[in-house]
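Under mature numbering (1 follows the signal peptide of the UniProt record, and there is no 0), the letters of the sequence shown match residues -27 to -1, 1 to 618, in that order.
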Amino acid sequence: MMRRDFAATLRAAGLAALCAVSSLSFAVPARAGASWVPGEVIVKYRAGATRARRALVRNVLPSVERVDGLELIGAECVRFTGMAVEEACATLAADPAVEYAQPNHVFTVDVVPNDPSFASLWAMKNTGQGGAFAGDDLDATLAWDLCTGDPEMKIGVVDSGIDYTHPDLAANIWTNPGEIPGNQIDDDGNGYVDDVHGYDFVNGDGDPMDDYKHGTHVAGTIGAVGHNGIGVTGVCWRCRLVAIKFVNATGSGTESAAVQALQYALTVGVRLTNNSWGGMSGGQALLDAIDACGAAGQLFVNSAGNTRWNIDAVLTYPQCYPSPYIVTVASSDGRDLMSTFSCWGPTQVDLGAPGSLIYSCIPGGLYQNLDGTSMAAPHVTGVAALAWTLFPHASPQAILALILSAVDTIPSMTGKVWSNGRLNAYRTLVRGDRTAPGAVGDMLAEAVGEGVLRLRWTAPGDDGASGTAASYDLRVANAPMDSAAFLIATPLATLAPHAGGAPETLSVGGLTTGRTYWFALRATDDFGNVGALSPSFAFTPSLPGAGVEGAAARFALGLAGANPSPRGASIVLSLARDGEADVAVYDVRGARVRTLASGPLAAGTHALRWDGADGAGARVEAGVYFVRAVSGRESVTRRLVVLGG
């Protein structure tokens, strides 16, 4: 994301002031409000540190009481006595086997359906209720005409738990299909006992019931059941809410528990998490966890905080981590003003969303108005879930970019948040990318070593020929590939695409000299739109400069479209340099049926078409034919089948 890249240096500098990320001594944050758990440190070891070596490192602490693994980031949380946290971090970080040692920081929470209380939800449809300004809303009712969610969409509520028995939430609460409730056995073998609806990392058990009401309120805004005749409706009517409790009954949670919570979210297949909490300090451990989940395809939605600060100047965490997977949300009110309590920051905060007087669920089957950026973030989480329902193959960065590109620009957010605007659900859904990348129509090869070919082609775009695609899927086989054969062909490691029209070059090794290989590829964009499959291009590796046989470096011949076909074939001829070329169709007796090109041709790609007729214009009989291209002493032949009718 642009603003994440722009702010990365600033964020990294602030993070370095909070924790040591190398084996240097720990730098204690000299900041009011920074807090951590006494007698606990998070230690990450360098690659190769054995279990015995880790135990040796821990021996420098006077008395180790407990060690909790943080497998997601390859770290552990160590509980000890007899030494100050600052001294323990400095001592541990001095060991060459330690990548970093840091305190275990504490975070605190930031506090048209037939549902009878829908009229109270000004954020969804603002009619001017309660002194608000009509129309200053998410356009949620328009968005619901396009999508109301997906019951398979798992959303992690990383918070104080959820009242999973609430009548307006129960139908959307995730139930672990592999777990038998209450038998004290980890039935599904995922490492968590009785995690039926989620997990409680405060008490270390499988009951994530909310004892602070914050998580239930957040869950209601995200995914209260819509059109069920009771209560309210969430932004995403249909979803699966996973209760992941790391905040205790007083509204605070530790960094190690947050890491464990994110690890659990990844384990059970959560697509995105809502994280309405933060603090004045944060370490490398939580950033590592967020990035690990992001690399696996998750988005981390975070509230901006309620201290009214410019967090560009006074950094808070996790809001200000330099991660491309975080979206940070300020709060707006019913008149499209920034809420008086909301934090802001033109590089650290992404957008605004409704967070003042938000009516939602609380434990015990009840409802309540609450204020806070904690209430703003779940609106973004709900819209992201709707967008992922429509674009299930989109990357986290693509969903974030889509949301930010679709905001309503409003004066109160201009210059205060990166996007200058407030969330708009409808515009987010209609602006999604549905255009696939273009197809690769040319490919050339040259032998650059024994068993090594250098492939060259022209990059397709993201949307047709424009933009930059997200990835290539390049495969090799022993025969021409159609779409079905491509899926079972051997994938090859490839490069990241360049902008449409740019030249691409890739070397492929491990090939057998003199053997013919067929290559095909297609491009995919950030929304998961897959471009058309290229024609299959055949190349035969030879020793460089060997000439004639297998030296198909000068030109390539491919067939595009269906084969067999009742209507002839589309043929792609690629020339590495200017030269004479003859391309013709022959029957099985070797008789020339039709000349397609003969004479001098310029370097580049030439699209030829055989309409299934001979030189006199008469339709040929059904059967097997061959397209043969000759240039100099080199020739390439492709087999095609003409169907009857």
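We treat Cβ as the ideally placed atom computed from N, Cα and C, and that holds for glycine.
*Cβ contact (3+ pairs, closer than 8 Å) linking the stretch 209 to 218 and the stretch 228 to 248*: Touching, per the Cβ criterion.
*Reducing DSSP to helix, strand and coil, say where W117 ends up.*
Correct three-state label for W117: helix.
*Taking C-alpha atoms, which residue in Q271, N502, D499, F80 lies nearest to A358?*
Nearest option by C-alpha distance: Q271.
*Proximal residues to C334 (C-beta, below 8 Å), its chain only, five neighbours per side dropped*: D136, H139, D141, L142, T189, H190, A192, G193, A197, G204, V205, Y340
*What are the complete alpha helix (DSSP H) segments, minimum 4 residues, inside the stretch 355 to 383?*
Unbroken alpha helix (DSSP H) stretches of 4 residues or longer found wholly inside the stretch 355 to 383: 369 to 378, given in chain order.
*Local Cβ density within 10 Å of D409, reported as buried at 16 or more and exposed below that*: Note on identity: in this sequence residue 409 is Ala, with Asp being the wrong assignment. With 16 or more other Cβ atoms within 10 Å, it is buried.
*Expressed to the nearest angstrom, what Euclidean distance is found between the alpha-carbon atoms of V232 and I15?*
So the two alpha carbons sit approximately 10 Å from each other.
*asked:* V274 and T246 - do their beta-carbons sit closer together than 8 Å?
replied: yes
*Look at C212 and M126 and say whether their C-beta atoms are less than 8 Å apart.*
yes
_Distance, K98 Cα to T114 Cα_ = 7 Å
*Secondary structure at S229, three-state DSSP: helix, strand or coil?*
helix
_Quick check on DSSP: helix, strand or coil for A216?_
Assignment of A216 by DSSP, reduced to helix, strand and coil, places it in the strand class.
_Contact set for C50: own chain, Cβ-Cβ below 7 Å, skip 5 residues either direction_ = Cβ within range, chain order: E13, I15, D41, L43, N77, S229.
_Host alpha helix (DSSP H) of I461 (start-end)_ = 456 to 461
*asked:* Please return the same chain residues whose Cβ sits closer than 7 Å to the Cβ of H366, not counting the five positions on each side in sequence.
replied: F500, G501
*Across which residues does DSSP place R52 in a beta bridge pair?*
E13, R39
_Bounding residues of the beta strand (DSSP E) (the contiguous stretch that carries Y294)_ = Counting along the chain, Y294 falls outside any beta strand (DSSP E), and DSSP gives it neither H nor E.
*asked:* For V1 and I284, I'd like the C-alpha separation in whole angstroms.
replied: Model confidence at V1 stands at a pLDDT of 28, short of 50, so the residue's coordinates are unreliable; what they give is reported in the following sentence. Taking the straight line joining both Cα atoms gives about 20 Å.
*Work out the CA separation of S93 and H170 for me, nearest whole Å.*
29 Å
*With 16 other CB atoms within 10 Å as the buried threshold, where does S604 fall?*
buried
*Among the residues of its own chain, which have a CB less than 7 Å from the CB of I372, if the five just before and after it don't count?*
L272, A357, A360, W361
*Could you tell me the distance, in whole angstroms, from the CA atom of D455 to the CA atom of T463?*
14 Å
*Are the CB atoms of P433 and A412 nearer to each other than 8 Å?*
Yes.
*Which partner residues does A495 have in the DSSP bridge list?*
Here residue 495 is Arg; the residue named in the question, Ala, does not match the sequence. Partner(s): D446.
_Among the candidates T354, D406, A144, L310, whose CA atom is the shortest distance from the CA of V503?_
For V503, the nearest C-alpha among the options comes from D406.
*What runs of the beta strand (DSSP E), each 3 residues or longer, lie entirely inside the stretch 296 to 334?*
299 to 305, 324 to 327
*6 Å Cβ shell around I153 - same chain, five flanking residues per side excluded*: D160
*So, are the CB atoms of S392 and V403 less than 8 Å apart?*
no
_Beta-carbon within less than 7 Å of R27's beta-carbon, same chain only, minus the 5 sequence neighbours each way: which residues are those?_
Y18
*For the alpha helix (DSSP H) holding I128, just list the boundary residues, first then last.*
Counting along the chain, I128 sits inside no alpha helix (DSSP H); it lies in the beta strand (DSSP E) bounded by residues 122 to 132.
_Quick check on T189: does DSSP put it in helix, strand or coil?_
helix
*asked:* Suppose contacts are defined by Cβ-Cβ distances below 8 Å. Is T346 in contact with S276 by that definition?
replied: Taking 8 Å as the Cβ cut-off, T346 and S276 qualify as a contacting pair.
*asked:* Short of 7 Å in beta carbon distance, which residues of its chain neighbour G122, apart from the five on each side in sequence? Order them along the chain.
replied: C209, W210, R211, C212, A358, L359, T362
_Top-ranked residue by Cα proximity to Y490, from P124, G394, S378, A418_ = A418
*Mind checking which residues open and close the beta strand (DSSP E) that includes R429?*
425 to 431
*With Q75 and Q321 assumed to form a contact (beta carbons below 8 Å), what rounded beta-carbon distance in angstroms separates them?*
Rounded, the Cβ-Cβ distance is 21 Å, inconsistent with contact.
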